[in-house]
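Trainee:
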Amino acid sequence: VTDEEYARISEKLEEFPGVDATVDWERNYVNGNLFRSVLGNITSSEEGLPKENLDSYLVRGYNRNDRVGKSYIEQRYEDALHGTKEEVKNITDKSGNIVSTEIISKGKSGNSLTLTIDMELQKKVEESIEKNLRAFKSSEPLLDRAFVVMTNPNNGQILSMAGKKIVEKEGKIEIEDLALGNMTTSYELGSAVKGATLLTGYETGAIQPGDQFYDAPMKFKGTQAKKSWNVSGFGNINDLRALQVSSNVYMFQTALQIAGVNYVPNGTLDIKQEAFDTMRYYFKQFGLGVPTGIDLPNEITGQTRTVDSQPGFLLDFSIGQYDTYTPLQLAQYISTIANGGYRMQPQIVQEIREQSIKEEEVGKVIRSIEPVVLNRVDMKTEHIDRIKEGFRWVFQEGDGTGVKHFKNAPYKPAGKTGTAQTVYGGDDPIGRNAKGERMECYNLTLVGYAPFDNPEVAFSIVVPWLHDDKSGINSIIGKEVLDVYFDLKKQRIHGEATNTDSSNQN
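Quick note, the sequence shown lines up with residues 2 to 507 if you use the working numbering.
1. Can you name the residues that DSSP bridges to F148?
2. Excluding sequence positions up to five away, which residues of its chain have a Cβ less than 7 Å from the Cβ of F314?
3. If you check the beta carbons only, do E75 and G49 fall under 9 Å apart?
4. Is there at least one Cβ from chain B nearer than 9 Å to G164's Cβ?
5. Report buried or exposed for P456, applying the criterion of at least 16 other Cβ atoms within 10 angstroms of its Cβ.
6. Go ahead and pull the three-state DSSP assignment for K480.
7. Comparing C-alpha positions only, which one of E169, I167, D454 and D178 sits nearest to G33?
8. Between Y450, D240 and F221, which has its C-alpha nearest I208's C-alpha?
9. Rounding to the nearest angstrom, what Cα-Cα distance links V39 and N66 in this structure?
10. Compute the Euclidean distance between the alpha carbons of S461 and P18, then round it to the nearest angstrom.
11. For the beta strand (DSSP E) containing Y443, list its first residue and its last residue.
12. So, under 8 Å CB-CB, N112 and R354 are touching, yes? Tell me the CB distance rounded to an integer number of Å.
13. Whole angstroms is fine: what's the gap from I272's alpha carbon to N263's?
14. Jot down the residue ranges of each uninterrupted alpha helix (DSSP H) in the segment 38–73, minimum 4 residues, whole runs only, in chain order.
15. Taking the straight line between their C-alpha atoms, what separation do you get for K480 and F407?
16. Alpha carbon to alpha carbon, how far is S369 from I358?
17. Measure the C-alpha to C-alpha separation of S503 and G182 and round it to an integer number of angstroms.
18. Going by C-alpha distance, which of A81, M151, G157 and K170 is nearest A163?
19. With C-beta atoms as the reference, is N133 less than 9 Å away from M345?
20. Beta carbon of G419, beta carbon of N444: below 9 Å?
21. Where are the alpha helix (DSSP H) runs, 4 residues long or more, that stay fully inside the segment 252–316, in chain order?
22. Excluding the 5 residues flanking T205 on each side, which residues of the same chain have their C-beta closer than 7 Å to its C-beta?
23. Please list the terminal residues of the continuous alpha helix (DSSP H) segment that includes T327.
24. So, at 6 Å on beta carbons, what are the nonlocal neighbours of G496 in its own chain, with the 5 sequence-adjacent residues on each side left out?
25. Spatial neighbours of V168 within its chain, please: CB distance less than 6 Å, with the 5 preceding and 5 following residues excluded, ordered by chain position.
26. Could you work out which residue in V149, P292, E128 and P51 is closest to L375 when comparing CA atoms only?
27. In this structure, how does DSSP classify Q506 when only helix, strand and coil are distinguished?
28. CA-CA distance, E121 and K227?
29. Counting pairs of beta carbons, one from the segment 191–203 and one from the segment 386–402, are three or more of them closer than 8 Å?
30. Who are the near neighbours of S129 in its chain, counting only those whose CB is closer than 7 Å to its CB and skipping five residues on each side?
31. Which of the three DSSP states is assigned to M184 in this structure?
32. What are the partner residues of R368, as DSSP defines its beta bridges?
33. What residue from G342, G172, E383 and G416 has the CA that sits closest to V246's CA?
34. What is the rounded straight-line gap between the Cα of I338 and the Cα of V424?
35. Please work out which residues of its chain come closer than 8 Å, Cβ to Cβ, to L244, disregarding the five sequence neighbours upstream and downstream, and give them in chain order.
36. Assign P465 to one of two classes, buried (16 or more other C-beta atoms within 10 Å of its C-beta) or exposed (fewer than that).
As structure tokens, this is what we get:
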């Protein structure tokens with residue numbers, strides 16, 4: 002209907018019992034379902050304003066049946082996205098007929114958001130996750146999800162945040178979006194966090210760069226041997242070698258030194274709560290176990306015990322097999338190391354812009370979202386550089402655990418592989434044995450950045466609940482998404498056309 006027809010009907014509603022006149026609208030998401038779950042949802046006109054925030058909206062001039070953002074980006078940026086209504090005054094004759102309409106205040110469309118997400122990269126990352134989930138599912142019955150976060154470590158901008166989940170419907174495998182799982186689910190992340198363990202050792206004075214420990218199985222009274230994945234051990238190794246081959250024993254010895262305890266074969270452990278508190282204090286500086294600060298609601302911080310009842314748990318903590326973290330926290334951790342020690346706030350929104358009049362044009366910038374440094378880690382630059390060199394060894398040198406996939410990469414990456422021994426954490430009955438106990442499995446993870454000497458992209462990969470800890474799915478996905486990032490960069494430098502529209506239009 003025309004504006005005049007709408008006005009005439011609205012004026013005469015009392016003459017039409019059961020009839021109402023409202024104005025409705027639809028949000029246009031220019032990239033379809035891509036990244037759709039993170040964009041969030043809006044209420045319908047029937048839902049109107051959420052009851053829990055009703056008063057807050059009413060005092061700001063909203064009507065009860067107004068549609069507002071109710072989750073994620075739509076909710077977080079409601080103030081920027083919502084428009085203002087046009088107010089009119091109808092002039093009538095003696096018979097009540099509208100003879101003219103005066104505009105008291107013009108309405109205005111809501112603003113648009115420009116996201117940090119590179120939508121072409123996002124599309125390729127999602128394709129990689131889905132392809133590998135399908136490829137490995139037949140041999141991995143517990144496998145049902147995988148996550149990838151890619152960031153610019155220098156400013157905190159999220160370039161891609163993807164997650165996929167396998168669901169079986171009527172005997173057929175379908176893939177659903179689980180991008181939000183990067184910030185709403187947490188897992189033991191394994192050896193990927195060993196960089197934080199060594200840095201904690203350096204900064205507490207428990208160890209020094211270059212210190213050596215003998216890697217052989219460690220035996221404590223009443224427990225099974227604690228050892229590295231190479232069950233015979235790696236012999237006498239220093240900190241760089243420990244990262245390169247992912248030595249558990251080196252991390253155990255570091256944790257014992259932090260606790261002020263010397264290893265005695267077949268002895269008991271007396272570790273105070275203060276040792277756990279110290280390690281968590283330093284881990285939190287990287288974003289492990291605390292909110293990342295992302296500009297979205299409903300982020301979780303993982304699982305942290307308030308009282309650690311078993312001294313041996315500190316050894317598990319040191320290799321990433323105790324507290325749980327989100328894939329987004331893992332990305333913030335590796336970004337902090339990549340940029341030299343600055344924990345940057347992750348950002349999804351880059352700019353708030355006025356709505357453009359012409360669809361092909363971009364509106365005027367109202368506000369640019371500036372990078373935010375949450376903290377500088379309380380660690381020496383030379384110590385961070387030492388870890389970065391160890392991460393380079395992991396991907397580039399000798400028998401590093403990431404060499405198989407990354408040694409010949411032209412963009413010279415560095416990083417750390419991770420494997421966590423855990424138990425199935427999903428809801429599928431297939432993950433329990435005949436006694437109803439959760440089955441043992443592995444979480445495979447990967448962190449990294451590139452190029453090594455001037456990082457411009459950092460990433461985390463998390464693939465939970467596998468039987469085969471040597472499947473390599475984490476490294477396969479990691480290599481594919483890094484390849485895509487640098488391929489797209491090359492195409493853009495050479496002027497080849499790409500579809501990178503990352504705006505969310507109202």
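By construction, the Cβ of each residue, glycine as well, lies at the ideal position given by its N, Cα and C atoms. Note that this is a predicted model, so its numbers are computed, not measured.
Mentor: According to the data block:
1. DSSP, once it has assigned bridges, lists G164 and V463 as partnering F148.
2. Cβ within range, chain order: Y323.
3. No, they are not a contact pair.
4. Absent from the structure: chain B. Only one protein chain is present.
5. Buried is the call here.
6. Secondary structure of K480 (DSSP, three-state): helix.
7. Of the listed residues, the one whose Cα sits closest to G33 is D178.
8. If you compare the alpha carbons of Y450, D240 and F221 with that of I208, the shortest gap goes to D240.
9. The alpha-carbon of V39 is positioned some 24 Å away from that of N66.
10. When only Cα atoms are considered, S461 and P18 end up about 59 Å apart.
11. Taken as a continuous stretch (DSSP letters only), the beta strand (DSSP E) holding Y443 covers E441 to A451.
12. Confirmed, Cβ separation roughly 6 Å.
13. Those two C-alpha atoms are separated by around 11 Å.
14. Taking only runs of at least 4 residues, the alpha helix (DSSP H) segments lying wholly in the segment 38–73 are 55–59.
15. Inter-residue distance for K480 and F407 is about 7 Å (C-alpha atoms, whole angstroms).
16. One C-alpha to the other measures close to 20 Å.
17. The pLDDT assigned to S503 is 40, lower than 50, so where the model puts this residue is not dependable; a value taken from the coordinates is nonetheless given after this. Counting only the Cα atoms, G182 lies some 21 Å from S503.
18. The shortest Cα separation from A163 among A81, M151, G157 and K170 belongs to M151.
19. Note that the C-beta distance between N133 and M345 is not below 9 Å.
20. Contact annotation: G419 and N444 have beta-carbon atoms nearer than 9 Å.
21. For the segment 252–316, whole alpha helix (DSSP H) runs of length 4 or above, ordered along the chain, are 274–286.
22. Excluding sequence neighbours, T205 sits near I259 and T279.
23. T327 -> no alpha helix (DSSP H), and no H or E assigned at all.
24. Listed in chain order, the non-local C-beta contacts of G496 below 6 Å within the same chain number zero, local neighbours out to five positions each way being set aside.
25. Hits under 6 Å: E175 and E177.
26. Measuring from the Cα of L375, the nearest candidate turns out to be P292.
27. Residue confidence is low: Q506 scores 40 on pLDDT, short of 50, so the model does not pin down where it sits. Its coordinate-derived value is still stated next. Coil at Q506, not helix or strand.
28. Spanning the two alpha carbons is a distance of roughly 45 Å.
29. The segment 191–203, when compared against the segment 386–402, does touch it at the 8 Å Cβ threshold.
30. Leaving aside the five residues that flank S129 on each side, the residues in its chain whose CB is nearer than 7 Å to its CB run, in chain order, I478, E481 and V482.
31. In the three-state reduction of the DSSP assignment, M184 falls in the helix class, which pools H, G and I.
32. Residue pairing from DSSP places R368 in a beta bridge opposite I353.
33. Closest in C-alpha terms to V246, from the list G342, G172, E383 and G416, comes G416.
34. Cα to Cα, the separation comes out at about 29 Å.
35. Within its own chain, the residues whose Cβ lies closer than 8 Å to the Cβ of L244, once the five positions on either side in sequence are excluded, are K195, G196, L199, I388, G391, F392, W394, V395 and K417, listed in chain order.
36. Buried, by the Cβ-count rule.
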